[in-house]
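Protein chains in written order, with my numbering: chain A, 7 to 272; chain B, 7 to 272; chain C, 7 to 272. Some notes on the structure that comes next.
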Amino acid sequence: MRSDGHRRAPGAGGSSTTDLVERAASALQALRDRRPRVHCITNTVSQPIVANGLLSLGAVPSLTSSLDEVADFAARADALVINLGTLEADRRDAIRIAMDAARGAGRPVVLDPVFVEVSPRRLAFARELLALQPALVRLNRGELDGLAGEKAADPGGFAQAQGTVVALTGAEDLVHDGSRVARSAHGHHLLATVTASGCLASAMAGAFLTVSDTPFEAAVAALLTLAIAGERAGGRTEGPGSFAAALLDELYGLRPAHLLSGARLS
Amino acid sequence: MRSDGHRRAPGAGGSSTTDLVERAASALQALRDRRPRVHCITNTVSQPIVANGLLSLGAVPSLTSSLDEVADFAARADALVINLGTLEADRRDAIRIAMDAARGAGRPVVLDPVFVEVSPRRLAFARELLALQPALVRLNRGELDGLAGEKAADPGGFAQAQGTVVALTGAEDLVHDGSRVARSAHGHHLLATVTASGCLASAMAGAFLTVSDTPFEAAVAALLTLAIAGERAGGRTEGPGSFAAALLDELYGLRPAHLLSGARLS
Amino acid sequence: MRSDGHRRAPGAGGSSTTDLVERAASALQALRDRRPRVHCITNTVSQPIVANGLLSLGAVPSLTSSLDEVADFAARADALVINLGTLEADRRDAIRIAMDAARGAGRPVVLDPVFVEVSPRRLAFARELLALQPALVRLNRGELDGLAGEKAADPGGFAQAQGTVVALTGAEDLVHDGSRVARSAHGHHLLATVTASGCLASAMAGAFLTVSDTPFEAAVAALLTLAIAGERAGGRTEGPGSFAAALLDELYGLRPAHLLSGARLS
Numbered sequence: 007m008r009s010d011g012h013r014r015a016p017g018a019g020g021s022s023t024t025d026l027v028e029r030a031a032s033a034l035q036a037l038r039d040r041r042p043r044v045h046c047i048t049n050t051v052s053q054p055i056v057a058n059g060l061l062s063l064g065a066v067p068s069l070t071s072s073l074d075e076v077a078d079f080a081a082r083a084d085a086l087v088i089n090l091g092t093l094e095a096d097r098r099d100a101i102r103i104a105m106d107a108a109r110g111a112g113r114p115v116v117l118d119p120v121f122v123e124v125s126p127r128r129l130a131f132a133r134e135l136l137a138l139q140p141a142l143v144r145l146n147r148g149e150l151d152g153l154a155g156e157k158a159a160d161p162g163g164f165a166q167a168q169g170t171v172v173a174l175t176g177a178e179d180l181v182h183d184g185s186r187v188a189r190s191a192h193g194h195h196l197l198a199t200v201t202a203s204g205c206l207a208s209a210m211a212g213a214f215l216t217v218s219d220t221p222f223e224a225a226v227a228a229l230l231t232l233a234i235a236g237e238r239a240g241g242r243t244e245g246p247g248s249f250a251a252a253l254l255d256e257l258y259g260l261r262p263a264h265l266l267s268g269a270r271l272s
Numbered sequence: 007m008r009s010d011g012h013r014r015a016p017g018a019g020g021s022s023t024t025d026l027v028e029r030a031a032s033a034l035q036a037l038r039d040r041r042p043r044v045h046c047i048t049n050t051v052s053q054p055i056v057a058n059g060l061l062s063l064g065a066v067p068s069l070t071s072s073l074d075e076v077a078d079f080a081a082r083a084d085a086l087v088i089n090l091g092t093l094e095a096d097r098r099d100a101i102r103i104a105m106d107a108a109r110g111a112g113r114p115v116v117l118d119p120v121f122v123e124v125s126p127r128r129l130a131f132a133r134e135l136l137a138l139q140p141a142l143v144r145l146n147r148g149e150l151d152g153l154a155g156e157k158a159a160d161p162g163g164f165a166q167a168q169g170t171v172v173a174l175t176g177a178e179d180l181v182h183d184g185s186r187v188a189r190s191a192h193g194h195h196l197l198a199t200v201t202a203s204g205c206l207a208s209a210m211a212g213a214f215l216t217v218s219d220t221p222f223e224a225a226v227a228a229l230l231t232l233a234i235a236g237e238r239a240g241g242r243t244e245g246p247g248s249f250a251a252a253l254l255d256e257l258y259g260l261r262p263a264h265l266l267s268g269a270r271l272s
Numbered sequence: 007m008r009s010d011g012h013r014r015a016p017g018a019g020g021s022s023t024t025d026l027v028e029r030a031a032s033a034l035q036a037l038r039d040r041r042p043r044v045h046c047i048t049n050t051v052s053q054p055i056v057a058n059g060l061l062s063l064g065a066v067p068s069l070t071s072s073l074d075e076v077a078d079f080a081a082r083a084d085a086l087v088i089n090l091g092t093l094e095a096d097r098r099d100a101i102r103i104a105m106d107a108a109r110g111a112g113r114p115v116v117l118d119p120v121f122v123e124v125s126p127r128r129l130a131f132a133r134e135l136l137a138l139q140p141a142l143v144r145l146n147r148g149e150l151d152g153l154a155g156e157k158a159a160d161p162g163g164f165a166q167a168q169g170t171v172v173a174l175t176g177a178e179d180l181v182h183d184g185s186r187v188a189r190s191a192h193g194h195h196l197l198a199t200v201t202a203s204g205c206l207a208s209a210m211a212g213a214f215l216t217v218s219d220t221p222f223e224a225a226v227a228a229l230l231t232l233a234i235a236g237e238r239a240g241g242r243t244e245g246p247g248s249f250a251a252a253l254l255d256e257l258y259g260l261r262p263a264h265l266l267s268g269a270r271l272s
């Protein structure tokens, strides 16, 4: 899993995307061997799928946002995931405490600025957190534009300006670290009908941060794993309910070989 | 979708119930074309099924009850749904703020007074909200009796007295606006084994309020859609877990034609 | 369901374990006839599976932790289940109020000290509650060691010292009341991949407390019912998502005869 970035050109080359897929496959195996604990401060609607998705993937979730406890949980976890959905006042303080604890303990942090474009106060808080330079930010197009303060914001420019990695999900997934970019058109339209599937992507990115060399590689591995599991689930279900159950089954059953044989990046 | 109430007798006539079914079918199509955002302040246990049910139906859920954010979310949503389950103190304030914002923006409101008969304080709060005349109230028999303060309370009398529409769910569903009444015996006994299926009915009523001429028609369309999806799901499952998944699949796959051919109202 | 403990040796004898299985089967039937309401103050991630699991089993869940309401709900419920997951400050006060109300009304209480070994403050609170002698404590090995303050703590010694019944879940389930012990190796490895399946075990123990003669028998009945439902679900599914749905189906469909024919205790 050592990076060989100095020997190869970063970016779009064929060998480089093959490399990324191989690293994703190795990271998936490493994740299952290590079983990292990922502390997620996440909205209540997303908690069941986030926790079940992490367990299915092979990680261990913890979820408290109690002001008294969150520092202990975050400092002892392997990664911290901050999700801004249904952001009650207490949770804002819990997030600040948890970020301090995780940074103090040298743990990587993922930020998921859910619906940041709808509420000015949530936007202000998201920017406060962004200034602390989380390892990566997972968001959709509306949220990126909201954070960047402009329409059709450039993910690469944003990543560079903020000193973070952008994991942008949608019909096409894109990861950008300011210089390198990876794109994937994997996935399935039913993913958008399962509430909090984006929150799950963020939590999975947190899990992969614990076993990847760089946030860029972690984001690619997480999005690829979720998208390919989604494709496989979508191939044998007809609607959102059975798809959600099949998605967890596929995350659980997915092997590194499935990534190696099935992943297409550009 | 314009009402033609002046040309037809309200109430029990055959053509009138056919009308209601046709309007429900048109509303279902309109809902999918419009994809309304429905803001739900709802108890934490119900959040996953409410969010997934709305997505499966074709609407977009948002769920925050943060005091700082809820006015922005409610005012910009197409409808507001207030559910009194697991009613923490903060959520009570959030509900007041959200109702003000929704009313100020001219958005319709649904009230779901969960378990109001168990707690005197919750009852007092439900009555405070009822005085603000939500477009419709979705409840079960115990909750209606609790709110009305008497056993076997008359839904029509209650609707008229409170200036709202009553959507009463149970073995038989009933909608009453004080003068018109519609009854449906659709549904499936497994619906009662899925937690928060009543909360989902309320949320769906909120979605239909955005595309129906009257709250009465919206309530009929919502209960009929859920009940027929439930019948279809129950026809191919054996227990609560597989039923819940199948229910979301059926909500997603249900077409206006299924209502037109299958619905029986009286 | 009367205990005949005076006629038989407690503990490991063959007739005694047969007895326990028969009592579990009778309790399952009694639970479905009675439909007890179980009030659960439980972490938000566990709420859907706890509520759906109780409904599938034949009990009625309620879940509020509102400071204003929780005394009414707990005093009128048939049992109270206290779960320490995601323990916000308000919930701590709610738990104190609910325990007072339940004890005042003579209702049995289950304590589930989730992740108590991770946070010193949660541990202190768990010990405060333990001093109030809940009827039973449901936990895993890490939590038992955390509570007992030593590695590989002895469940029997702990039960005796604390005046409670220990229901310890893991690869092998064990129930100990300080003198009697029952062990079961039923279950399925996928149970560990479903978030909050331990919380569900605790909630089910609460339901069985309302129909069993002793907390020891209630704990045995609850763990056995869940483990056998899990075995049956695991026999026809391939991953965590379909397993979770099948688990609810099996809880719903499980009959006393399934326990009588399938249960192996030692």
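Here a beta-carbon is modelled for each residue, glycine too, at the ideal position from N, C-alpha and C. No experiment lies behind these values; they were computed from the predicted model shown.
Beta-carbon contacts of residue i that lie in its chain and below 8 Å, excluding the five residues immediately before and after
i, result
"A/VAL200", "ILE55, PRO246, PHE249, ALA250 and LEU253"
"B/LEU271", "THR23, LEU26, VAL27, ALA188, ARG189, SER190, VAL226 and LEU230"
"B/ALA141", "PRO114, VAL115, VAL116, THR170, VAL171, LEU215, PRO221 and ALA224"
"C/ALA177", "ALA191 and GLY193"
"B/LEU73", "ASP96, ASP99, ALA100 and ILE103"
"A/GLN166", "GLY184 and SER185"
"B/ASN146", "LEU174, THR175, GLY176 and GLY204"
DSSP state of residue i mapped onto helix, strand, coil
i, result
"B/ALA15", "Any reading at B/ALA15 must be qualified, since the residue scores a pLDDT of 39, below 50, and its modelled position is unreliable; the value itself is stated next. The answer is coil: DSSP assigns B/ALA15 none of H, G, I, E or B."
"A/ALA85", "strand"
"A/ARG189", "strand"
"A/ALA173", "strand"
"C/SER9", "Summary for C/SER9: the model assigns pLDDT 34, below 50, so the residue's position carries little reliability, and this model does not support an answer."
"C/GLY20", "Residue placement at C/GLY20 is poorly supported in this model, since its pLDDT is 44, which falls under 50; the coordinates are not used for a value here."
"B/LEU180", "strand"
"C/LEU145", "strand"
"B/ALA207", "helix"
"B/GLY162", "helix"
"B/HIS195", "helix"
"B/SER218", "coil"
"A/VAL27", "helix"
"A/SER71", "coil"
"A/VAL200", "coil"
Nearest residue (CA-CA) to residue i, options the options
i, options, result
"B/MET105", "B/ALA95, B/LEU37, B/ARG189 and B/LEU136", "B/LEU136"
"C/LEU129", "C/SER22, C/ARG186 and C/THR92", "C/THR92"
"B/LEU196", "C/ASN146, C/GLY259 and C/ALA263", "C/GLY259"
"A/ARG127", "B/ALA167, B/THR70 and B/ALA158", "B/THR70"
"C/ASP118", "C/ALA30, C/PRO67 and C/VAL143", "C/VAL143"
"C/LEU153", "C/ALA31, C/VAL122, C/LEU138 and C/ALA77", "C/VAL122"
"A/PRO67", "C/GLY212, C/ALA202, C/PHE164 and C/ALA36", "C/ALA202"
"C/ALA65", "C/LEU265, C/LEU257, C/GLY110 and C/GLY155", "C/LEU257"
"B/ARG133", "B/GLY110, B/PHE164, B/GLU244 and B/ASP255", "B/PHE164"
"A/ALA4", "B/LEU63, B/THR48 and B/GLN35", "Here chain A comprises residues numbered 7 to 272, so residue 4 of chain A is not present and cannot be evaluated."
Own chain, CB closer than 7 Å to residue i, minus 5 neighbours either side, in chain order
i, result
"A/ASP84", "PRO42, ARG43, VAL44, ARG113 and THR216"
"B/PRO161", "LEU150, VAL172, LEU174, LEU180 and HIS182"
"C/GLU237", "HIS192, GLY193 and HIS194"
"B/ALA211", "VAL116, LEU142, ARG144, ALA173, ALA224, ALA225 and ALA228"
Same chain only: Cβ atoms within 6 Å of residue i, ignoring 5 sequence neighbours per side
i, result
"B/GLY268", "ILE234"
"A/ALA282", "This structure cannot settle anything about residue 282 of chain A, because the visible part of chain A is limited to 7 through 272."
"B/ARG261", "none"
"B/ALA159", "LEU150 and ASP151"
Is the region 169 to 182 of chain C in contact with the region 208 to 227 of chain C, if contact means three or more CB pairs nearer than 8 Å?
The region 169 to 182 of chain C makes contact with the region 208 to 227 of chain C: 3 or more CB pairs, one atom from each, lie closer than 8 Å.
In chain order, which beta strand (DSSP E) runs of at least 3 residues are fully inside the region 34 to 67 of chain B?
43 to 47
Touch check for the region 33 to 41 of chain C and the region 69 to 89 of chain B: three-plus C-beta pairs under 8 Å?
no
Which full runs of the beta strand (DSSP E) of 3+ residues lie inside the region 73 to 143 of chain C, going along the chain?
85 to 89 and 115 to 118
Alpha helix (DSSP H) runs wholly inside the region 228 to 260 of chain B, at least 4 long, in chain order
246 to 259
Between the region 56 to 76 of chain C and the region 198 to 214 of chain C, do three or more beta carbon pairs fall short of 8 Å?
Counting Cβ pairs under 8 Å, three or more are found: they touch.
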